[in-house]
Structures are given as structure tokens and as C-alpha cells.
Amino acid sequence: DDSLRLVPFPFLVSTKLPGEPIIDAWPNLAADVRFVLARHAGELQARMHEVVAHTFGDLGYGPDRQFATWTGYVLDYYRRHVSAAVSKGLIDGPTANCLERTVLKMVPLMSRVGEARLLHSDYHWENLLQEDGRVTGTIDFEWAMTGDYAFDCRIDDRLEERCPGSVAPFYEGYTSIRSLDEHH
Numbered sequence: 009d010d011s012l013r014l015v016p017f018p019f020l021v022s023t024k025l026p027g028e029p030i031i032d033a034w035p036n037l038a039a040d041v042r043f044v045l046a047r048h049a050g051e052l053q054a055r056m057h058e059v060v061a062h063t064f065g066d067l068g069y070g071p072d073r074q075f076a077t078w079t080g081y082v083l084d085y086y087r088r089h090v091s092a093a094v095s096k097g098l099i100d101g102p103t104a105n106c107l108e109r110t111v112l113k114m115v116p117l118m119s120r121v122g123e124a125r126l127l128h129s130d131y132h133w134e135n136l137l138q139e140d141g142r143v144t145g146t147i148d149f150e151w152a153m154t155g156d157y158a159f160d161c162r163i164d165d166r167l168e169e170r171c172p173g174s175v176a177p178f179y180e181g182y183t184s185i186r187s188l189d190e191h192h
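Just so we're aligned, residue 9 is where the sequence shown starts under the working numbering, counting upward by one.
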């Protein structure tokens, strides 16, 4: 990484985890091995979500990008990106105003989030490695953050689409570690 966002130096990871991305191996794996891998991946994500943080926000940034609430973080994130889109002419003012009203309607839902949890933010089969039918590592943490654990589950449809039959055992593994609320 040469962005200097994570640490103030360019760096190269020179150790390679064993295995290949689950998505690459999936078509050639037996059904029982697929089940075990997907379940284990769910367990690992649940364990990550057990880590509680003191603030909400992107990792690798200073205290000005940390928030006391999930709502504060989401509104800041949204406003920064919409402002950039308007300034670049990608969206107009009326569209930005419509988006703002839509996001503000979500404030009561966002306000229910009480604790910031460690999130991968890009947790999918391309970023999970496997070897001999067992998960050997999770990679690609550059979007890691602290926030609402449900944010990590926003791509469920892609999980199932890319590795058919994976979501049910994934959630079986997840809920063996952490329960999900009824609205999840």
C-alpha cells in the first residue's frame, strides 16, 4: 500500500497466506466442503463483529474522522461524497437535496445502533482464502472500519450469486457465535 493512509510509510506485505480465494475453488469443491467453508466464514465474521470499538469511523484516520454515533459517521460520509459529486458535476443540486431527504429518513434506523463493531467492509468470497477445504485467511482490509455490524452483510445477494448455496451455511456459522436481531 502506498496511500500512506494506514501507516505513514509505503509498505509491501511480503508474506503470503496459503490457499486460494474461495470463489476460485468453489466450483470444484464437494457440497460438504462448500458447507464447511461457508459456515466457517460466517463464524469468522461473527468473531470479528465481537470486537467493540469506542468510536464509529474509518480506520487509519485521525480523531476528526471518528464519531460518537453511527448516524454521525454515516451522515458525514454521505455529505462528503455527495458534495464531491455535486462539485464534479456528477449530480445536480435537486438530486443532492432528494438524496439528503432520503438519508435523513433513515436516521431513526441508524440511531438504533449502540456499539461500534469491527467491520471488514469488503467481506466476500474473493477476500477469503481456502486450502484443503478450510479457511486459511481473510485479506483486503483496506476498507476496515468500525460501525454497524449489519453493514458488513449488505452484499448477501452477491455472496449467494457468486457461490451458490453459501448464504444459509454462512449465517448458520455466524449465528452460532452471535445472534442477529429480527430486523437483520
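C-beta atoms are modelled at their ideal positions from N, C-alpha and C, and glycine is treated no differently.
Excluding the five sequence neighbours on either side, which residues of its own chain have a C-beta within less than 7 Å of the C-beta of Y86, listed in chain order?
Here residue 86 corresponds to residue number 78 of the sequence shown, with the count starting at 1. Result list for Y86: V111, in chain order.
Reduced DSSP category for V143 - H, G, I as helix; E, B as strand; rest coil
Position 135 of the sequence shown, counted from the start, is the residue given in the question as residue 143. In the structure shown, V143 sits in a strand (DSSP, three-state: E or B).
Classify M56 as helix, strand or coil using the three-state DSSP reduction.
For the purposes of this step, residue 56 is taken as residue 48 along the sequence shown, with counting starting at 1. Note: M56 maps to helix in three-state DSSP.
Do you know offhand how far E134's Cα is from A152's?
For the purposes of this step, residue 134 is identified with residue 126 of the sequence shown, where counting begins at 1. For the purposes of this step, residue 152 is identified with residue 144 of the sequence shown, where counting begins at 1. Approximately 16 Å between the Cα atoms of the pair.
By Cβ distance, which residues of its chain are closer than 8 Å to A76, with the 5 residues on each side in sequence left out?
The sequence position of residue 76 within the sequence shown is 68, counting from 1. Excluding sequence neighbours, A76 sits near T63 and F64.
Using only alpha-carbon positions, find the residue among R109, D148, A38 and H57 that is nearest to P29.
Residue mapping note: residue 29 aligns to position 21 of the sequence shown, counting from 1. When only C-alpha atoms are compared, the closest one is D148.
Would you call the CB atoms of F178 and L167 closer than 8 Å?
Walking along the sequence shown from the start, residue 178 turns up at place 170. Walking along the sequence shown from the start, residue 167 turns up at place 159. In this structure, L167 lies closer than 8 Å to F178 by Cβ.
Neighbourhood of T79 by C-beta distance below 7 Å, restricted to the same chain and skipping five residues each side:
Taking the first residue of the sequence shown as 1, we reach residue 79 at position 71. Here the set comprises V115, M118 and S119.
Should E51 be labelled buried (16 or more other beta-carbon atoms within 10 Å of its own) or exposed?
For the purposes of this step, residue 51 is identified with residue 43 of the sequence shown, where counting begins at 1. Buried, since its Cβ has 16 or more Cβ neighbours within 10 Å.
Three Cβ pairs or more, each shorter than 8 Å: is that satisfied between the stretch 91 to 101 and the stretch 31 to 44?
Taking a cut-off of 8 Å for Cβ pairs, the stretch 91 to 101 and the stretch 31 to 44 do not touch, as fewer than three such pairs fall below it.
Thinking C-alpha only, which one of S11, K24 and V60 is nearest D156?
Here residue 156 refers to the residue found at position 148 of the sequence shown. Residue V60 is the option with its Cα nearest to D156.
Beta-carbon spacing of H48, G181 below 8 Å
Your numbering for residue 48 matches position 40 in the sequence shown. Your numbering for residue 181 matches position 173 in the sequence shown. Taking 8 Å as the cut-off, the beta carbon of H48 is found closer than this to the beta carbon of G181.
If you compare alpha carbons, which of R162, L136 and H192 is closest to L25?
Within the sequence shown, residue 25 is the residue found at index 17, counting from 1. When each option's Cα is compared against that of L25, the closest is L136.
Taking the C-alpha atoms as reference points, what is the distance between E169 and E190?
On the sequence shown, residue 169 is found 161 positions in, with the first residue counted as 1. On the sequence shown, residue 190 is found 182 positions in, with the first residue counted as 1. Rounded to the nearest angstrom, the two C-alpha atoms are 24 Å apart.
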